[in-house]
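Protein chains in written order, with this note's numbering: chain S, 1 to 282; chain R, 1001 to 1335.
Notes to accompany the following structure.
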Amino acid sequence: MIENRPGLNILAHLVLILGVVIVALPVWVAFVASTRSATDFMSGTVPMWPGPHLVENYARMLDSGVSTSGTPPVARMMFNSLVMALSIAIGKIAISILSAFAIVYFRFPLRGLAFWCIFVTLMLPVEVRIVPTFQVVAGLGLLNSYAGLSVPLIASATATFLFRQVFLTMPDELVEAARIDGAGPMKFFRDILLPLSRTNMAALFVILFIYGWNQYLWPLLITTDAQYYTIVAGIKRMADAVDGLPQWHLVMATAVLAMLPPVAVVIGMQKLFVKGLVETEK
Amino acid sequence: MASIKLDNLGKIYPGGSRAVGGVKLDIADGEFIVLVGPSGCGKSTLLRMVAGLESITEGEVRIGDRVVNKVEPADRDIAMVFQNYALYPHMSVRQNLAYGLKNRRTPKAEITRRVDEAAAILQIGPFLDRKPRALSGGQRQRVAMGRAIVREPAAFLFDEPLSNLDAKLRVAMRLEIKDLQKRLRTTSIYVTHDQLEAMTLADRLVVLNAGQVEQIGTPLDVYRRPASTFVAGFIGSPAMNLIPARAVPHLPGSAHAAVIGIRPEDLVPDPDGPIEMQVGAIEELGAQRLVHGKVNGADVTIALPSHGELSDRLRLNAAPEALHRFDDKSGKRLD
């Protein structure tokens, strides 16, 4: 439906602007807070314009952090988060594309059962199985390690189904042409399926990277060594100031820093992301 | 290049339904065979069994002197052209053509030579570096054929390769395929539901119905002496009239046969003719007009020159040699 009435246009823009303001205001407040000194929050009014301490606050956080909260420097936590988010995103894509490949293109015994097992995990996110998962991870000695942070989150039914759907739209003739051209299953996977699912992989990567970056409960639970703290869990620890007021300007600086990598990923992969979600022609 | 022999070939699906049964066919080296039949008659299944894409449950396929029942499609030395082309969308035309050769570890120089040669034959040289999506339907079809040619296989298998093209292009490509096959002398099996395509392309036609072979022969043989009412009704356009013998008791032979077949163009107006037709709908085709009507209750179509007035009733005659007599129950030809 194409409407061409200026009144509607203005209304639509008002709604959109309102939405942007609602989303952007807290981010702006966080940014302003991160440029102020600790005393600026004692007065009771929230400042709305940036102060002079931007460089100072950020440099301090990246370099040394807030020692009283027991968190390592933000740079360290960001590195941990990055490792975790990348392992989860890449691991999930790798595992789910392979399992989707198996489910769609091979007729093996108990294929239906395998499919349903994957399906059932949809109902078991980390939060539901967190105690047994912790038990297993602890038993394997993976507490305070990158493997412990990422491996339990890697299995993904959603991504498997997404790839299954992608593979189901590939014309059968393509598979047959490849067979006649002498491509075995793995060659077909590498030469044809992978390149054709490139955009879907990119779209999934964006979603999964943000999912991994934003993990809170799991890292909070299994990291007791400050060297393995992730940034999202770290913010929480910083805000829990013992015997004193939280250092809001520093917490906010951390929060702003924590927002940057997901933003960078979204902006950098925007084109592929949209293509992967929209493109249907094979 | 090789001959192909189908010996009692049959296919029963796991559910027990039969797709194809008892197909016997010797295809000579360099011959162009067309499998034709209505949709669901098993012609594609038959082709895919030769290609190795469908398992064989009965009988044997020999390519050359080798039984290939259990041989992988890639090792059967055949190349296939699909209805929807099945080009690899992410590869350039050149890569599409080269992919099969690359998988066979053909030397690079040899690949380049063959691809360039095929491109020259099919006149797709200017598109070699384009992606399939930047090509028109006809060009894609050429690339699909190119992919078959570069392999220099023992046989080409075509699975309704022209049905995605518009009518004009289909006629042009039909001629090109015929020409190409004559030049390369490669044994070919071609599947189509279009009887005109079948007639024009084939050295020999195989008419299939419900998984069984109805008739095998040169296009003219099949047209002139259809072996059954099914073939008679399927080959030729407009279709042959199949009239119950009691509706035309005055025609020679109608006493012995149950069904008389007469091609529309063989029924000619004759004031003293034995057949009286009540004229119904008329279709003007330009060069001729098709007149539909009834003869003693049976539907009849005739093709007349496109001029002159038509009365409501026509008297018609047919030469004795233009009559085809069929048995009622089996539908088989009687002479």
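Heads up, the beta-carbon is just placed ideally off N, CA and C, and yes, glycines get one too.
(request) Taking only beta-carbon positions, decide if S/K275 is within less than 8 Å of chain R. (result) No, S/K275 does not count as interfacial toward chain R.
(request) Let me know the secondary structure DSSP gives S/H249 once reduced to three states. (result) If DSSP states are grouped into helix, strand and coil, S/H249 belongs with the helices.
(message) Closest to R/H1307 by C-alpha separation, out of R/V1020, R/Q1123, R/I1282 and R/L1184, would be which residue?
(response) Taking the Cα of R/H1307 as reference, the smallest distance to any Cα among R/V1020, R/Q1123, R/I1282 and R/L1184 is reached at R/I1282.
(message) Going by DSSP in three states, R/N1209 sits in which element: helix, strand or coil?
(response) Under the three-state reduction of DSSP output, R/N1209 falls in the strand class.
(message) If distances are taken between C-alpha atoms only, which option among S/F188, S/P171, S/V256 and S/E127 comes closest to S/L217?
(response) The residue with the shortest Cα to Cα distance from S/L217 is S/E127.
(message) Pairs of beta-carbons, one from the segment 272–279 of chain S and one from the segment 73–80 of chain S, closer than 8 Å: are there three or more?
(response) Not touching, per the Cβ criterion.
(message) In whole angstroms, give me the CA-to-CA distance for R/V1020 and R/N1209.
(response) Their Cα atoms are separated by approximately 9 Å.
(message) Which runs of the beta strand (DSSP E) at least 3 residues long sit entirely within the segment 1188–1234 of chain R? Give them in chain order.
(response) You should have 1204–1209 and 1212–1217.
(message) Measuring straight from C-alpha to C-alpha, what distance separates R/L1201 and R/K1182?
(response) For R/L1201 and R/K1182, the distance between alpha carbons rounds to 10 Å.
(request) Kindly indicate which residue of S/F115, S/P125 and S/I10 has the alpha-carbon position closest to the one of S/I154. (result) Taking only the C-alpha atoms, the option nearest S/I154 is S/P125.
(message) Does S/N57 come out as helix, strand or coil in the three-state DSSP assignment?
(response) In the three-state reduction of the DSSP assignment, S/N57 falls in the helix class, which pools H, G and I.
(request) Could you tell me if R/C1041 is buried or exposed, where buried requires 16 or more neighbouring beta carbons within 10 angstroms of its beta carbon? (result) Residue environment analysis places R/C1041 among the buried positions, since at least 16 neighbouring C-beta atoms fall within 10 angstroms of its C-beta.
(message) Give me the subset of the segment 110–127 of chain S whose CB atoms are less than 7 Å from a CB atom of chain R, sorted by chain position.
(response) Taking 7 Å as the Cβ-Cβ cut-off, the segment 110–127 of chain S has no residue approaching chain R.
(message) According to DSSP, is R/M1277 part of a helix, a strand, or is it coil?
(response) DSSP, reduced to helix, strand and coil, places R/M1277 within a strand of the structure shown.
(message) Mapping the DSSP letters down to three states, classify R/I1302 as helix, strand or coil.
(response) If DSSP states are grouped into helix, strand and coil, R/I1302 belongs with the strands.
(message) With a threshold of 8 Å, are at least 3 pairs of Cβ atoms found where one atom belongs to the segment 255–262 of chain S and the other to the segment 1028–1044 of chain R?
(response) By the criterion of at least three beta-carbon pairs nearer than 8 Å, the segment 255–262 of chain S is not in contact with the segment 1028–1044 of chain R.
(message) For R/I1124, which residues in the same chain have their Cβ closer than 7 Å to its Cβ, ignoring the five residues on either side in sequence?
(response) For R/I1124, the CB contacts under 7 Å within the same chain, skipping 5 residues up- and downstream, are V1093, Q1139, R1142, V1143 and G1146 in chain order.
(request) Please name the residues in the segment 189–204 of chain S whose beta-carbon is closer than 9 Å to at least one beta-carbon of chain R, in chain order. (result) Per Cβ criterion, the list reads D191, I192, P195, L196 and R198.
(request) Starting from the Cα of S/M269, find the closest Cα among S/D240, S/N214 and S/F205 and give me that residue. (result) Here the closest residue by C-alpha is S/F205.
(message) Three Cβ pairs or more, each shorter than 8 Å: is that satisfied between the segment 1069–1081 of chain R and the segment 1218–1225 of chain R?
(response) The answer is no - the segment 1218–1225 of chain R does not touch the segment 1069–1081 of chain R, with fewer than three Cβ pairs under 8 Å.
(request) Note down, in chain order, each residue of its chain lying with its Cβ closer than 6 Å to the Cβ of R/L1009, except the 5 sequence neighbours on either side. (result) The residues are V1023 and G1059.
(request) Please report the residue range of the beta strand (DSSP E) in which R/Q943 lies. (result) Here chain R covers residues 1001 to 1335 and nothing more, so residue 943 of chain R does not appear.
(message) Taking CB distances under 8 Å as the criterion, tell me whether S/R107 reaches chain R.
(response) Closer than 8 Å: no.
(request) Let me know the beta strand (DSSP E) ranges lying completely inside the segment 1011–1075 of chain R, each 3 residues or longer, listed in chain order. (result) Qualifying beta strand (DSSP E) stretches, in chain order: 1018–1027, 1032–1036 and 1058–1063.
(request) Kindly indicate if chain R contains any beta-carbon less than 8 Å away from that of S/I90. (result) No, its Cβ sits nowhere closer than 8 Å to a Cβ of chain R.
(request) Measure the C-alpha to C-alpha separation of R/F1326 and R/M1240 and round it to an integer number of angstroms. (result) Near 13 Å, if we compare the C-alpha coordinates of R/M1240 and R/F1326.
(request) With a threshold of 16 other CB atoms inside 10 Å of the CB of S/T160, please say whether the residue is buried or exposed. (result) It counts as buried.
(message) I'd like to confirm the pairing. Which residues does DSSP put opposite R/M1080 in its beta bridges?
(response) DSSP lists R/L1157 as the beta-bridge partner residues of R/M1080.
(request) From the DSSP output, read off the bridge partner residues of R/N1241. (result) Checking the DSSP bridge columns, you'll see R/N1241 partnered with R/I1262.
(request) Give me whichever residues DSSP pairs with R/R1105 in a beta bridge. (result) R/R1105 has no beta-bridge partner at all, per DSSP.
(request) Please list, in chain order, all residues of the same chain as S/T199 whose beta carbon is under 7 Å from its beta carbon, the five residues on each side excluded. (result) For S/T199, where only same-chain residues beyond five positions count, the Cβ hits under 7 Å are L272, K275, G276 and E279.
(request) Output, in sequence order along the chain, the residues in the segment 158–182 of chain S whose CB is closer than 7 Å to any CB in chain R. (result) Those residues of the segment 158–182 of chain S that come within reach of chain R (Cβ to Cβ, closer than 7 Å) are P171, E173, L174, E176, A177, R179, I180, D181 and G182.
(message) Tell me the DSSP secondary structure of R/V1268 in three-state form.
(response) The three-state secondary structure of R/V1268, taken from DSSP, is strand.
(message) What would DSSP say about R/N1008, mapped onto helix, strand or coil?
(response) R/N1008 falls in the strand class under three-state DSSP.
(request) Tell me whether R/H1250 sits in a helix, a strand or coil according to DSSP, three-state version. (result) In the displayed model, R/H1250 falls within coil according to three-state DSSP, outside both helix and strand.
(request) Taking only the alpha-carbon atoms, compute the straight-line gap between R/R1185 and R/P1161 and give it to the nearest angstrom. (result) Those two C-alpha atoms are separated by around 19 Å.
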